Structures are given as C-alpha cells and as structure tokens.
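Undergrad:
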Amino acid sequence: MDARQIMGWNLRLLRVERGLSQERLAFEARIDRAYVGRVERGMENVTIATIEALARALDVPVAMLFSQPDSNASQPKPLRAGRKPKGSEQ
C-alpha cells in the first residue's frame, strides 16, 4: 500500500469507528464530501492542512492516519446507509 492508500484506509476506519458519515466528517473538517470519498479511496494527494483538519475533526494525532494497517486486516466496513434514529447522539 502506498501512503495515499494507507491514509484512506485509516481515515475510513476512524470515521466509521466514530459513527461519522463522510458528509459529517467533511463538514467538521470544512472540506467537500466528495473529496473525503476520494481520499478514502486513495485517489487524492492531500495537503498537510487538509490532513491536519481531518485529524482534528476525528480527534486523533496526524500520525494515526499513517499507521500501517495489519496485513491480515479486512477492509473497513462502511457505515449503514440512512439516517440515524431520532434521539441518537450527534
């Protein structure tokens, strides 16, 4: 995996672990939702400023976005589609 793929993998994993949609993460990081999707797929060369904004929105150190995934790890699962039920947090 190259650095873009590693970052995309970790970004999706962290986002899903926190229960954030791409749209919500994009809003928090002040970037475009479609851009988040392309980053997660490893299709973008992301600037340092954007990496910092994403890390801040996820409340993780920047280095966490670049940690090498376990070679046996399966691809991070997407969030379930649809809206969250009323009364759920966020």
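Quick note: the sequence shown uses the UniProt record's numbering, first residue 1, plus one each step.
Just so it is clear, CB atoms sit at the ideal spot from N, CA and C, and this is done for glycine as well.
Since this is a predicted model, take the numbers as computed values, not measurements.
1) Would you decide whether alanine 29 is buried or exposed? Buried here means 16 or more other CB atoms lie within 10 Å of its CB.
2) How is valine 62 classed by DSSP in three states: helix, strand or coil?
3) Measuring straight from C-alpha to C-alpha, what distance separates arginine 24 and arginine 4?
4) Grab me the residues of isoleucine 51's own chain with a C-beta within less than 8 angstroms of its C-beta, minus the 5 sequence neighbours each way, in chain order.
TA: With the given structure in hand:
1) Residue burial is scored here from C-beta neighbours: alanine 29 has at least 16 other C-beta atoms within 10 angstroms and is therefore classed as buried.
2) DSSP places valine 62 in helix when its eight states are reduced to three.
3) Arginine 4 has its alpha-carbon roughly 21 angstroms from the corresponding atom of arginine 24.
4) The residues are Met7, Val62 and Leu65.
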